[in-house]
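Undergrad: This is the structure I have questions about; it appears just below.
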Amino acid sequence: MFVTRYFKRFALLGLVALITLTACLGSEVLPQGGNPIPTPREGETVDAAPDSQAAATPEETFTRYIHDSIAATVAAQQSKLTIRGRYQEPSQTIDDLSGLVSEIAVLEDRTEISSPKDTAANARVDLDVRVKYADGDQQTFTCKYDVSLQRGENTKGDFVWYVINPEAFPLFVSCTRS
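In this text, residue positions in the sequence shown follow my numbering: the first is 115, and each later residue adds one.
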């Protein structure tokens, strides 16, 4: 009885170990059919620089910020396209291409930056952008919103301008078709 009780436990433990090792060492199982994994598109790399992009002037910080925020918006849209391409029925993915952004280009920048104080600045964003969709269509938008900046000291002891509450480019919130 003593041997039987422990033998069953060791046998069960051995079986679990065998299944685990088989799963870890086995070949990769890929689904049959479905959509192939799409190739990433070339574009701006968001957060490519490892350090802060805050600059010595509010104008330079804003210029860097607007480019990064546009790139973040495009990257988010491309992530949606990638996940849909991998898991959605192909005909539905094709239907959805008209609403997914593949590129945003600034056509005209009329943004005005004011610094009413030494430690605060405001960018009244006024941009015309061309939006290219994944299906090839294009539209022009005018975007107007505010970006607040504040002056502060970075880790190196330099005074730089930071964006307050940075976010991705608000294409679907603050822009109207031209």
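Glycine included, C-beta positions come from ideal geometry on N, C-alpha and C.
Are the beta-carbon atoms belonging to residue 238 and residue 254 less than 8 Å from one another?
TA: The answer is no: Cβ separation not under 8 Å.
Undergrad: Is residue 278 helix, strand or coil when you go by DSSP?
TA: Residue 278 falls in the coil class under three-state DSSP.
Undergrad: Going by Cα to Cα distance, which pick from 259, 235, 281 is closest to residue 223?
TA: Checking every option, the nearest Cα to that of residue 223 belongs to 259.
Undergrad: Where does residue 267 sit, in a helix, a strand or coil, going by DSSP?
TA: Of the three classes helix, strand and coil, the one that applies to residue 267 here is strand, per DSSP.
Undergrad: Which value, in whole angstroms, describes the spacing of the CA atoms of residue 285 and residue 273?
TA: Each residue's Cα considered, the two are about 31 Å apart.
Undergrad: Return the residue from the list 257, 278, 249 that minimises the CA-CA distance to residue 88.
TA: Residue 88 lies beyond the residue range present for the chain, which begins at 115 and ends at 292; the question has no answer from this structure.
Undergrad: Beta strand (DSSP E) containing residue 290: first to last residue?
TA: 289-291
Undergrad: What does the alpha-carbon distance come out to for the pair residue 212 and residue 195?
TA: Rounded to whole angstroms, residue 212 to residue 195 spans 11 Å at the Cα level.
Undergrad: Going by DSSP, what residues sit across from residue 241 in a beta bridge?
TA: 223, 257
Undergrad: What are the partner residues of residue 217, as DSSP defines its beta bridges?
TA: Per DSSP, the beta bridge partners of residue 217 are 246.
Undergrad: Confirm, please, whether the CB-CB distance from residue 252 to residue 215 is below 8 Å.
TA: No. Outside cutoff.
Undergrad: Mapping the DSSP letters down to three states, classify residue 273 as helix, strand or coil.
TA: Taken through DSSP and simplified to helix, strand or coil, residue 273 comes out as strand.
Undergrad: Quick one: what's residue 202 bridged to in DSSP?
TA: Residue 202 is not bridged to any residue.
Undergrad: Quick one: what's residue 234 bridged to in DSSP?
TA: Per DSSP, 264.
Undergrad: Do residue 187 and residue 282 have their CB atoms nearer than 8 Å?
TA: Against a cut-off of 8 Å, the Cβ pair of residue 282 and residue 187 comes out as a contact.
Undergrad: Rounded to whole angstroms, what is the Cα-Cα separation between residue 278 and residue 167?
TA: 13 Å
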